[in-house]
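Encoded as structure tokens, the structure appears first; notes follow it.
Residue numbers (the numbering used here): 7 to 151.
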């Protein structure tokens, strides 16, 4: 079975994107303030946050004082050698995403503590122009507000 990923657009005290990878039975998670980029020249800050349960993979709607949509979802292949847990401990994990909006290679690189960079790797995948709608329902964060 392929590993799953989800990117949730979370409009809470500030708008950010939660990038989550299914690893060892949980969703390993990063909060990405500007969201994932499809441009390899752009580096995005990704703050490592608490792991989430797998049932959080399709959470959408009002959440506390904010709203969440499933901005993208799909499967991924790990490209870093060894286990994903080892790659995370070393601070460098490379994956290939097969999503509705995000496709191709992405690298997660720890810069210190909980701070990481999320970088689109160079590949032959044509970048998409993602919109702000849920891939599950077509709704926006404002629709849930």
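Glycine residues also receive a C-beta, built at the ideal position from the N, C-alpha and C atoms.
Can you check which of these residues, the options, is closest to residue i by C-alpha distance?
{"i": "residue 123", "options": "23, 53, 134, 94", "result": "53"}
{"i": "residue 152", "options": "12, 126, 139", "result": "Residue 152 cannot be examined here, being either before or after the span of the chain that is shown, 7 to 151."}
{"i": "residue 116", "options": "47, 138, 84, 93", "result": "93"}
{"i": "residue 27", "options": "120, 119, 135, 91", "result": "91"}
{"i": "residue 22", "options": "8, 103, 73, 34", "result": "73"}
{"i": "residue 118", "options": "96, 138, 102, 112", "result": "96"}
{"i": "residue 151", "options": "44, 17, 43", "result": "17"}
{"i": "residue 104", "options": "134, 98, 121", "result": "134"}
{"i": "residue 43", "options": "62, 148, 25, 145", "result": "25"}
{"i": "residue 9", "options": "41, 145, 85, 147", "result": "85"}
{"i": "residue 45", "options": "37, 113, 29, 71", "result": "113"}
{"i": "residue 55", "options": "71, 70, 47, 37", "result": "37"}
Can you tell me which of the three DSSP states residue i falls into?
{"i": "residue 142", "result": "coil"}
{"i": "residue 6", "result": "Lying before the first or after the last residue shown, residue 6 is absent from the chain, which here runs from 7 to 151."}
{"i": "residue 45", "result": "coil"}
{"i": "residue 137", "result": "coil"}
{"i": "residue 124", "result": "strand"}
{"i": "residue 30", "result": "coil"}
{"i": "residue 149", "result": "helix"}
{"i": "residue 98", "result": "strand"}
{"i": "residue 108", "result": "coil"}
Enumerate in chain order the residues of its own chain whose CB-to-CB distance from residue i is below 7 Å, with the five nearest sequence positions on each side excluded.
{"i": "residue 76", "result": "12, 14, 64, 66, 140, 141, 142"}
If contacts are defined as beta-carbon pairs under 8 Å, then residue i and residue j qualify, I think. What distance do you get, rounded to the angstrom?
{"i": "residue 129", "j": "residue 106", "result": "Not a contact, Cβ separation roughly 18 Å."}
{"i": "residue 49", "j": "residue 125", "result": "5 Å"}
{"i": "residue 127", "j": "residue 100", "result": "7 Å"}
{"i": "residue 58", "j": "residue 89", "result": "That pair is no contact at about 20 Å."}
{"i": "residue 62", "j": "residue 33", "result": "6 Å"}
{"i": "residue 31", "j": "residue 60", "result": "7 Å"}
{"i": "residue 87", "j": "residue 102", "result": "In fact, because the Cβ distance is near 14 Å, the residues do not count as touching under 8 Å."}
Examine chain B for any beta-carbon lying closer than 8 Å to the beta-carbon of residue i, and answer yes or no.
{"i": "residue 102", "result": "The displayed structure is made up of one protein chain only, and chain B is not part of it."}
Using a Cβ-Cβ cut-off of 6 Å (strictly less than) and excluding sequence neighbours within five positions of residue i, which residues of its own chain qualify?
{"i": "residue 110", "result": "129, 131"}
{"i": "residue 40", "result": "50"}
{"i": "residue 98", "result": "115"}
{"i": "residue 136", "result": "107"}
Name, in chain order, the residues that DSSP records as bridge partners for residue i.
{"i": "residue 9", "result": "82"}
{"i": "residue 35", "result": "26, 55"}
{"i": "residue 18", "result": "Answer by DSSP bridge pairing: none, since residue 18 is not bridged."}
{"i": "residue 72", "result": "69"}
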